[in-house]
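Below is one structure, written out as structure tokens, with a few remarks after it.
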Amino acid sequence: MFDTTMARLLDALADTERVKARAEAEQMRILTEIRQLRGGTHLEEFTTDEVAAHMRWSTRTAQNRIDDAMSIVTRLPGTLAALERGAIDRIKAAAINDVTAKLSVEHAGVVETQVLEKAPEVVVSTLRGHLRKHVAVIDPDGAQRRHRERAQGRKVWVVAEEDGMATISCYTTAAAAEACYRRIMELARNATTEGDQRTEPQRQADVFQDALCGTDFEHVQVVLTLTGSTDEPSVVELDGHGPLTPDAATDLLTHATVIHKVPTTPTKNNKPLNRKARCYRPPPDLVEHVRSRDKTCRFPGCHRKAERCDLDHTTPFHQHGDTVPENLGPLCRHHHRLKQQQGWTLLQPKPGMFLWQTPTGTTITIEPDNHAPNPRRRQ
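Mind the numbering: the sequence shown is residues 1 to 379 in the UniProt record's numbering, read in order.
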């Protein structure tokens, strides 16, 4: 006896995936048309930002979606057709595009044809494996060249996670990554002591950290936010990661040597900062306050840290905009330039709240210390 109820639910689940795939294909066509519409205009450079703001995507997500769409629509018609039929999903379509992106249009078409028949029946990791093999066969010289080019992009980065955690990643060659990982596993096995209750993954993480810095956190920047009220507790924030738990804060403050104490209300020698400042360049204490208040670039979806941004006068200084907290905000250089383009406007109705209006008339609100945009359509 077959489980007909489960079969019905699984069929319904597959139907939703096909519907979603068809919608993804249509979205790719729309994104391609948007890019082509803005091409050759003064707004072309900021097309990604306009899409990101409207869709509440990060700038990187918008850029990846537009790039994938342009490539699939113009270079991989078979992949687009399979997506429109619901035979593959967007993740598989993106995999085909990613692995064939450096090939000529002719070679990309050959590889596409070779993998599409089996693509609906395999998971995406298997599909990527098939793609890499076909690419290596059809373009061996290019594979060598692309490896050397990719190796030039070696880098390390950190992603903030929930509950005071983070992920550190290293992009390097496969051989180097495998060697590093095996060394970490070896050190973790040798780090076991009598009574050690740590799991193997925990020991691996610990030896990785110990090998790099041990308990030396002297280069970590800590922001201690003072509320200005004895009734409210101060908040310890790790730069770029947000508030820490009391235990984590105590441990970090024991070892960290770079600590900035930033009041939530800007002061100078315990007095309010000059609210009629007509000096273009803000004083250091005002710079520190605004950067601590806003933390990142104030364009929706941009997470560049405030200390790496320009401190922008929301109402331009030459238009009688004062150098005061309610008229200052960090903008990365790219979004600082975007603000000056025709069709874009920015207001700051209260300190730390920013209202963006796009060339299509959409208004997006950035609340203080909150990057979740709240778009309002033009009436």
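For glycine and all other residues, C-beta sits at the position ideal for the given N, C-alpha and C.
| said: What does the alpha-carbon distance come out to for the pair MET165 and ILE138? | reply: In the sequence shown, counting from the first residue as 1, residue 165 sits at position 165. In the sequence shown, counting from the first residue as 1, residue 138 sits at position 138. Rounded to whole angstroms, MET165 to ILE138 spans 43 Å at the Cα level.
| field | Residue nearest to VAL122 in terms of C-alpha spacing, selected from PRO351, LEU212, ASN64 and ALA87 | value | Numbered from 1 along the sequence shown, position 122 holds the residue referred to as residue 122. Nearest option by C-alpha distance: ALA87.
| So does the stretch 68-86 actually touch the stretch 105-115, counting three or more Cβ pairs closer than 8 Å? | yes
| said: So GLN341 and LEU43 are supposed to be a Cβ contact under 8 Å. How far apart are they, rounded? | reply: As a first step, residue 341 must be located in the sequence shown, where it is residue number 341. As a first step, residue 43 must be located in the sequence shown, where it is residue number 43. Correct: roughly 7 Å between the Cβ atoms.
| message | Give the list of continuous beta strand (DSSP E) stretches no shorter than 3 residues that lie fully inside the stretch 136-178. | response | 155-160 and 166-171
| field | VAL258 burial status per 10 Å Cβ neighbour count (16 or more: buried) | value | Taking the first residue of the sequence shown as 1, we reach residue 258 at position 258. The predicted model places VAL258 with a pLDDT of 47, which falls under 50 and marks its position as unreliable, so this point remains unresolved.
| said: Helix, strand or coil for PRO325? Go by DSSP, reduced to three states. | reply: As a working note, residue 325 is residue 325 in the sequence shown. Correct three-state label for PRO325: helix.
| How big is the Cα-Cα spacing for ILE91 and CYS297? | Residue numbering aside, residue 91 sits at position 91 when the sequence shown is read from its first letter. Residue numbering aside, residue 297 sits at position 297 when the sequence shown is read from its first letter. Answer to the nearest angstrom: the Cα atoms are 30 Å apart.
| query | In whole angstroms, what separates the C-alpha of ALA179 from that of GLU117? | reply | On the sequence shown, position 179 is the one that residue 179 refers to. On the sequence shown, position 117 is the one that residue 117 refers to. Cα to Cα, the separation comes out at about 36 Å.
| message | I'd like the span of the alpha helix (DSSP H) that includes THR193, first residue to last. | response | Translated into the one-based positions of the sequence shown, residue 193 becomes position 193. Premise fails: THR193 is in no alpha helix (DSSP H) and is neither H nor E.
| Exposed or buried, which one is SER71 when buried takes at least 16 other CB atoms within 10 Å? | Here residue 71 is taken as the residue at index 71 of the sequence shown, counted from 1. By the 10 Å Cβ count, SER71 comes out buried.
| Spatial distance of MET55 from ARG183 (CA atoms) | Here residue 55 refers to the residue found at position 55 of the sequence shown. Here residue 183 refers to the residue found at position 183 of the sequence shown. If I take the Cα positions, the gap works out to 43 Å.
| field | Where LYS102 sits in the DSSP three-state scheme | value | One-based indexing of the sequence shown puts residue 102 at position 102. It is coil, neither helix nor strand.
| query | In terms of residues, what are the limits of the alpha helix (DSSP H) holding LYS295? | reply | Here the question's residue 295 lines up with position 295 in the sequence shown. No alpha helix (DSSP H) holds LYS295; DSSP gives it neither H nor E.
| said: Can you give me the C-alpha to C-alpha distance between ALA14 and LYS133, rounded to a whole angstrom? | reply: Indexing the sequence shown from 1 puts residue 14 at position 14. Indexing the sequence shown from 1 puts residue 133 at position 133. If you take the alpha carbons of ALA14 and LYS133, they lie about 29 Å apart.
| query | Opposite MET353 in the DSSP bridges: which residues? | reply | Here residue 353 refers to the residue found at position 353 when the sequence shown is read from its first residue. The partner list for MET353 (beta bridge, DSSP) reads LYS350.
| Just checking my contact of ALA119 with ALA82 at CB under 8 Å: how many whole Å lie between their CB atoms? | Residue mapping note: residue 119 aligns to position 119 of the sequence shown, counting from 1. Residue mapping note: residue 82 aligns to position 82 of the sequence shown, counting from 1. That belief holds up - the Cβ atoms of ALA119 and ALA82 are roughly 7 Å apart, short of 8 Å.
| request: Give the C-beta separation of GLU349 and LEU311 to the nearest angstrom, bearing in mind that I take them to be a contact with Cβ-Cβ under 8 Å. | output: Taking the first residue of the sequence shown as 1, we reach residue 349 at position 349. Taking the first residue of the sequence shown as 1, we reach residue 311 at position 311. Checking the sequence, you will find Pro at residue 349 rather than Glu. Actually they do not touch by this definition, with Cβ atoms about 19 Å apart.
| task | Would you kindly check if the distance between the Cβ of TRP356 and the Cβ of ALA52 is under 9 Å? | result | Along the sequence shown, read from residue 1 onward, the residue named residue 52 stands at position 52. Along the sequence shown, read from residue 1 onward, the residue named residue 356 stands at position 356. Going by C-beta atoms, ALA52 is not nearer than 9 Å to TRP356.
| query | So what's HIS54 in DSSP terms, helix, strand or just coil? | reply | For the purposes of this step, residue 54 is taken as residue 54 along the sequence shown, with counting starting at 1. Reduced to three states, the DSSP call for HIS54 is helix.
| task | Go ahead and pull the three-state DSSP assignment for PRO246. | result | One-based indexing of the sequence shown puts residue 246 at position 246. Helix at PRO246.
| So what does DSSP say about HIS336, is it helix, strand or coil? | Residue 336 sits at position 336 when you count from the first residue of the sequence shown. DSSP places HIS336 in helix when its eight states are reduced to three.
| Beta-bridge partners of LEU9, as assigned by DSSP | The residue given as residue 9 occupies position 9 in the sequence shown. Its beta-bridge partners do not exist; DSSP assigns none.
| said: At a threshold of 8 Å, does GLN319 count as lining the ligand HEM (C-beta to nearest heavy atom)? | reply: Ligands displayed in this structure: none; no statement on the ligand HEM is therefore possible.
| Residue from VAL105, THR172, GLY142 and ARG150 with nearest C-alpha to VAL156 | The residue labelled residue 156 in the question sits at position 156 within the sequence shown. The shortest Cα separation from VAL156 among VAL105, THR172, GLY142 and ARG150 belongs to THR172.
| query | Going straight from the alpha carbon of LYS271 to that of ARG293, what length do you get? | reply | The count along the sequence shown starts at 1 and reaches residue 271 at position 271. The count along the sequence shown starts at 1 and reaches residue 293 at position 293. In this predicted model, LYS271 has a pLDDT of only 49, less than 50, meaning its place in the structure is not dependable; the value taken from the coordinates is given anyway. Distance between the alpha carbons of LYS271 and ARG293 is about 18 Å.
| Quick one: what does DSSP say PRO201 is sitting in, helix, strand or coil? | Position 201 of the sequence shown holds residue 201. Three-state result, PRO201: helix.
| Distance between beta carbons of GLU17 and ASP68, contact taken as under 8 Å | Here the question's residue 68 lines up with position 68 in the sequence shown. Here the question's residue 17 lines up with position 17 in the sequence shown. The Cβ separation is near 18 Å, so there is no contact.
| Identity of the residues DSSP links to residue 385 by a beta bridge | Within the shown structure, residues of the chain are numbered from 1 to 379, placing residue 385 beyond reach of any answer.
| field | Identity of the residues DSSP links to HIS313 by a beta bridge | value | As a first step, residue 313 must be located in the sequence shown, where it is residue number 313. Answer is LEU328, bridged to HIS313.
| query | Any idea if LEU37 is buried or exposed, counting beta-carbon neighbours within 10 angstroms, 16 or more meaning buried? | reply | Counting from 1 along the sequence shown, the entry for residue 37 is found at position 37. Answer is exposed; the Cβ neighbour count stays below 16.
| CYS170, buried or exposed, once every other Cβ within 10 Å from all chains shown has been counted against 16 | Counting from 1 along the sequence shown, the entry for residue 170 is found at position 170. Answer is exposed; the Cβ neighbour count stays below 16.
| query | Using DSSP with H/G/I as helix, E/B as strand and the rest coil, what is PRO272? | reply | By 1-based counting over the sequence shown, the position of residue 272 is 272. In this predicted model, PRO272 has a pLDDT of only 49, less than 50, meaning its place in the structure is not dependable; the value taken from the coordinates is given anyway. If DSSP states are grouped into helix, strand and coil, PRO272 belongs with the strands.
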